[in-house]
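Novice: One structure, as structure tokens, below. Some questions next.
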């Protein structure tokens with residue numbers, strides 16, 4: 293392994309669950325906090341209960357509020373921009389002298 297490019301490794305890192313369970317493992321972080329672990333997850337405990345649905349709903353609502361605020365700000369910015377009236381571009385065809393002479397001859 294190359295020296296001075298790898299993060300510091302903590303062989304006694306602690307994972308702390310919201311239920312109070314503490315797991316010791318190796319990691320590049322000295323301490324981590326989690327919401328659900330094997331001691332409190334319904335799959336491992338066999339108990340049926342809702343797993344942090346309120347937290348998920350709160351996070352979704354925060355993201356939704358941010359998106360509505362951003363949409364409102366962009367709408368305000370668009371309203372502030374005043375569109376300049378577009379001027380019509382008149383293109384005049386240049387007719388060569390030879391064509392004009394031919395047309396004059398054809399008319400006579």
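Numbering (the numbering used here), first residue to last: 293 to 400.
For each residue, glycine too, the CB sits at the ideal point set by N, CA and C.
Return the bridge partner residues of residue 293 from the DSSP annotation.
Specialist: Answer by DSSP bridge pairing: none, since residue 293 is not bridged.
Novice: Where DSSP assigns a beta bridge to residue 332, which residues make up the other side?
Specialist: Partner(s): none; residue 332 has no beta bridge.
Novice: Strictly by DSSP, which residues pair up with residue 319?
Specialist: Residue 319 is bridged to 302.
Novice: According to DSSP, is residue 397 part of a helix, a strand, or is it coil?
Specialist: If DSSP states are grouped into helix, strand and coil, residue 397 belongs with the helices.
Novice: Can you give me the C-alpha to C-alpha distance between residue 332 and residue 351, rounded to a whole angstrom?
Specialist: C-alpha separation (whole angstroms): 21 Å.
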